[in-house]
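*Asks:* Last residue of the sequence shown: 166 (our numbering), numbering continuous. Even glycine gets a Cβ: it sits at the ideal position worked out from N, Cα and C. The structure follows.
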Amino acid sequence: MARIAGLVREMLAFYGSPVPLEGTAFDDALERDGPAGACAYRCLIVDDRDGNPVGFAMYSPVYEAAFAGNGIFLRDIYVTAAARGQGLGKALMVALAQECRREGIRRIDWHAARLDLDARTFYEMLAPDSFRLNRLSYRIEDDEIAALAARG
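What follows is the structure, encoded as structure tokens:
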């Protein structure tokens, strides 16, 4: 997963998010938690003609009782600015769908930022009518988790 650490940093900068860990601790966490470690996530990587990674799709398994089946949650998909417009994002999503078919995974879920019109246009192009207005996305992190846990 060291191959994509730089891409993940670039993605975070693109979205104006800080790198959550300093120095090599970030790379180490990606490696430790990835497919060769804890398997907390899986990742598809797309390379340019020279074999350099220029995009990735990171996902993790989910199971939903109401669906009575397995699925994946697409955590992140990113293609470098220099490689955009070449169909690599679409290729990653197609490869992800093919992986799901091979593994018997019946569902892919993801989020897009409400105001990220480029992402929303991309997803709508891939899967028309996949947007579900009846769902909202919530997230709590770090201090919020601690505060909620302290209520018990």
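Relative to the C-alpha of Y77, which residue among I159, R121 and R17 is closest?
*Replies:* R121
*Asks:* In three-state DSSP terms, what is F81?
*Replies:* coil
*Asks:* For the alpha helix (DSSP H) that contains C114, what are its first and last residues?
*Replies:* L102 to E117
*Asks:* Mapping DSSP to helix, strand and coil, what is G69?
*Replies:* strand
*Asks:* For V108 and A16, what's the separation of their Cα atoms in angstroms?
*Replies:* 24 Å
*Asks:* What residue does the alpha helix (DSSP H) around V22 start on, and which one ends it?
*Replies:* Boundaries of the alpha helix (DSSP H) harbouring V22: A16 to F28, taken from the DSSP string.
*Asks:* Pairing CB atoms from the region 19-37 with CB atoms from the region 80-94, are three or more of them under 8 Å?
*Replies:* yes
*Asks:* Check the DSSP bridge columns for I91 and list the partner residues they point to.
*Replies:* A71
*Asks:* For D61, does the three-state DSSP call read helix, strand or coil?
*Replies:* strand
*Asks:* Taking all protein chains shown into account, decide if Y29 is buried (16 or more other Cβ within 10 angstroms of its Cβ) or exposed.
*Replies:* Taking all protein chains shown into account, Y29 has fewer than 16 neighbouring C-beta atoms within 10 Å of its C-beta and is therefore exposed.
*Asks:* Just mark G69 as buried or exposed, buried being the case when its beta carbon has 16 or more other beta carbons within 10 Å.
*Replies:* buried
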